[in-house]
Amino acid sequence: MDDLVIRAMRETDWFDVSRIYEEGMNTGIATFETEIPAWLTFDSKFIAEPRLVAEIDGNLIGFAVLSKVSSREVYSGVAEVTVYVERVSQGRGYGKELLNALIRSSESHGFWSLQASIFPQNEASIGLHLSCGFRQIGFKEGIGSRHGRWYDNLIFERRSKLIGIDMNRILVLCTGNSCRSQMAHGYLEHLLDKNSSEIYSAGIETHGLNPGAVSIMKEDGIDISGHTSNHIDDYLGIDFDYIITVCDHAHENCPYIPSKSAKRLHHDFFDPSKVKGTDAEVHDAFQKARNEIKTFVREFIATHLN
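Numbering-wise (our numbering), the sequence shown opens with residue 1 and increments by one.
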């Protein structure tokens with residue numbers, strides 16, 4: 001194999017990238033797209049990093065990029081692969097080197113699952129992805145049309161063996177995902193290694209993030225201001241290891257969550273949002289709840305995760 005150089009894509013590569021993209025587009029079995037986009041459109045469509053190109057003797061012969069599959073946070077580590085190699089350079093192993101480089105780089109950026117939608121007629125692309133550890137997980141019949149003809153797509157996936165493996169997936173559930181579950185979420189994220197645990201919180205309703213919870217957690221050095229109030233239905237596809245209910249109402253009215261092996265724990269924490277009084281009295285109520293939750297989280301980690 002000639003000396004292959006794989007490096008980060010630059011805007012100045014666009015002329016060659018668009019040339020290779022158009023060549024693949026013209027095969028009719030590489031993409032549903034029919035026109036080459038402007039650079040700004042391409043730039044906004046694909047994730048900023050990683051974006052890779054492959055060169056031989058300074059000549060760009062291929063590129064590989066990722067695009068988001070969803071804007072939802074739970075899928076932040078899942079991306080779709082786009083990889084192209086110019087026709088005259090195909091069949092020499094360059095595509096495999098390029099795709100494997102993209103896989104390694106994606107893992108360094110925290111992606112745990114890569115997907116690819118491939119036309120059944122594109123046997124070369126199917127073989128490439130299989131050789132790089134992808135497996136077929138689905139089939140979409142007549143998913144899109146191109147020049148008046150409807151095409152199927154085969155869906156391939158590669159699950160990282162480095163990112164998100166053997167993770168403890170923990171769900172904290174309360175009525176409105178506003179206060180107590182948010183504080184527990186904050187302490188779990190703060191005290192656990194993000195590479196060993198994934199923390200979620202939700203409610204059987206959504207009441208919005210309580211400012212008092214944000215303020216009292218900030219006093220303990222933990223910022224939960226970026227949290228959102230989520231509904232349990234957002235996470236029904238996740239197989240949790242632990243489900244912790246933090247109020248009796250959620251415990252008694254919890255919907256069915258299909259996590260067969262989940263260990264379910266319950267603790268009815270004091271609810272500071274119900275306290276009315278002076279600023280000092282309200283502050284003390286939130287502090288009381290926060291300290292109860294902090295103690296519980298530490299005991300939970302010591303008992304179940306260490």
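In this text, a Cβ means the ideal position worked out from N, Cα and C, and glycines have one as well. What you are looking at is a predicted structure, and each value in this text was computed from that prediction instead of being measured.
Exercise. Expressed to the nearest angstrom, what Euclidean distance is found between the alpha-carbon atoms of Thr175 and Asp268?
Worked result: Here residue 175 refers to the residue found at position 175 when the sequence shown is read from its first residue. Here residue 268 refers to the residue found at position 268 when the sequence shown is read from its first residue. Those two C-alpha atoms are separated by around 11 Å.
CB contact flag (Val83, Ile61, <8 Å):
Here residue 83 refers to the residue found at position 83 of the sequence shown. Here residue 61 refers to the residue found at position 61 of the sequence shown. Not a contact, by the Cβ cut-off of 8 Å.
Please report the straight-line C-alpha distance between Ala184 and Glu292, rounded to a whole angstrom. For the purposes of this step, residue 184 is taken as residue 184 along the sequence shown, with counting starting at 1. For the purposes of this step, residue 292 is taken as residue 292 along the sequence shown, with counting starting at 1. Roughly 10 Å between the two C-alpha positions.
| message | So, under 8 Å CB-CB, Ala309 and Arg51 are touching, yes? Tell me the CB distance rounded to an integer number of Å. | response | Because residue 309 is not part of the residues shown, which for the chain are 1 to 306, the question remains open.
*Just curious, the beta strand (DSSP E) that Ser197 is in, first and last residue?*
Your numbering for residue 197 matches position 197 in the sequence shown. That run of the beta strand (DSSP E) goes Ser197 to Gly203.
Could you tell me whether the Cβ atoms of Cys179 and Asn210 are closer together than 8 Å? Counted from its first residue, the sequence shown places residue 179 at position 179. Counted from its first residue, the sequence shown places residue 210 at position 210. A contact, by the Cβ cut-off of 8 Å.
7 Å Cβ shell around Gly208 - same chain, five flanking residues per side excluded:
In the sequence shown, counting from the first residue as 1, residue 208 sits at position 208. Correct list, in chain order: Ser178 and Ser229.
- [ ] Under the assumption that Phe63 contacts Ile20 (Cβ atoms under 8 Å), give the Cβ distance between them as a whole number of angstroms.
- [x] Counting from 1 along the sequence shown, the entry for residue 63 is found at position 63. Counting from 1 along the sequence shown, the entry for residue 20 is found at position 20. Yes, they are in contact, since the Cβ atoms of Phe63 and Ile20 sit about 6 Å apart, within 8 Å.
message: Using a Cβ-Cβ cutoff of less than 8 Å, which residues in the same chain neighbour Asn100 once the five nearest sequence positions on both sides are dropped?
response: If you number the sequence shown from 1, residue 100 lands on position 100. So the qualifying residues of the chain are Cys132.
Rounded separation between Ser113 and Ala289 - CA only: The count along the sequence shown starts at 1 and reaches residue 113 at position 113. The count along the sequence shown starts at 1 and reaches residue 289 at position 289. Roughly 38 Å between the two C-alpha positions.
Glu309 versus Ser67, Ile118, Ile126 and Glu35, residue with shortest Cα-Cα distance: Shown here, the chain extends from 1 to 306; a query on residue 309 therefore has no answer.
Helix, strand or coil at Ala48 [DSSP, three-state]: The count along the sequence shown starts at 1 and reaches residue 48 at position 48. In this structure, Ala48 counts as coil in the three-state DSSP scheme.
### Buried/exposed call for Pro120, threshold 16 Cβ in 10 Å
For this step, residue 120 is matched to residue 120 along the sequence shown. Exposed, because fewer than 16 other Cβ atoms sit within 10 Å of the Cβ of Pro120.
Quick check on the DSSP output: the beta strand (DSSP E) that includes His266 runs from which residue to which? In the sequence shown, the residue the question calls residue 266 occupies position 266. Its beta strand (DSSP E) spans residues Lys263 to His266.
From what residue to what residue does the alpha helix (DSSP H) around Tyr235 run? Sequence index remark: in the sequence shown, residue 235 carries index 235 (1-based). Where Tyr235 is concerned, there is no enclosing alpha helix (DSSP H), given that its DSSP letter is neither H nor E.
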